[in-house]
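S.K.: Those letters in the sequence shown? Residues 0 to 135, per numbering that gives the first Met the number 0, in order. Each residue gets a CB set at the ideal place from its N, CA and C atoms; glycine is no exception.
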Amino acid sequence: MIRRPPLALALLVALPGALSACAEAGATAPEKPFTPIYQGVETRLLEGNLVNFHVSMKGARNEQDAADYAKCAAAQYALIRGYGFARHVRTAVDHQGGVWRADAVYTISPALPRGLRTIDAEVAVADCAELGIPTV
């Protein structure tokens, strides 16, 4: 007659090996290099200081990359118009066939606008240049 250890003891003995196998299986592959292709910006003055930006790009990692591209366009546009600030109103991002598109609306103003999502245009344009994101 073969005597087997209780199930709890067998699990305790097997658990460390199982956990280390899971850790090895869960190891992630190195990230692909980020090589975006910025495809351009369309700008439309909607009303007063309300501006709409349509940007498109390939190679974005996620929605935020497309939204950042639109933010950079808005910051540069504010400077071109002689304003120092912008305030984010909304951004919608779509991804189809490898192309990311952002449809963003910002207000631009000469003074710091009210609200939480304000942008100092000069600082933002400098950040965009450092990150390699083109502006208008």
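List, from N- to C-terminal side, the beta strand (DSSP E) runs of 3 residues or more that fit wholly inside the region 21-79.
M.R.: 36-46 and 49-57, all fully within the region 21-79.
S.K.: Contact defined as beta carbons within less than 8 Å: I believe Ala120 pairs with Ala85. What is the distance between those atoms, to the nearest angstrom?
M.R.: Indexing the sequence shown from 1 puts residue 120 at position 121. Indexing the sequence shown from 1 puts residue 85 at position 86. Rounded, the Cβ-Cβ distance is 6 Å, consistent with contact.
S.K.: Would you mind reading off the limits of the beta strand (DSSP E) that contains Val104?
M.R.: Indexing the sequence shown from 1 puts residue 104 at position 105. Where Val104 is concerned, the enclosing beta strand (DSSP E) stretches over Val98 to Ser108.
S.K.: Given that a residue counts as buried once 16 or more other Cβ atoms are within 10 Å of its Cβ, and exposed if not, what is Val122?
M.R.: The residue you call residue 122 lines up with position 123 of the sequence shown. Classification of Val122: exposed, given that the 10 Å Cβ count is below 16.
S.K.: Would you give the residue range spanned by the alpha helix (DSSP H) that Val92 belongs to?
M.R.: If you number the sequence shown from 1, residue 92 lands on position 93. Counting along the chain, Val92 falls outside any alpha helix (DSSP H), though it belongs to the beta strand (DSSP E) covering Phe84 to Gln95.
S.K.: Does Ile118 pass the burial test, meaning 16 or more other C-beta atoms within 10 Å, or should it be called exposed?
M.R.: Within the sequence shown, residue 118 is the residue found at index 119, counting from 1. When all chains shown are included, Ile118 counts as buried.
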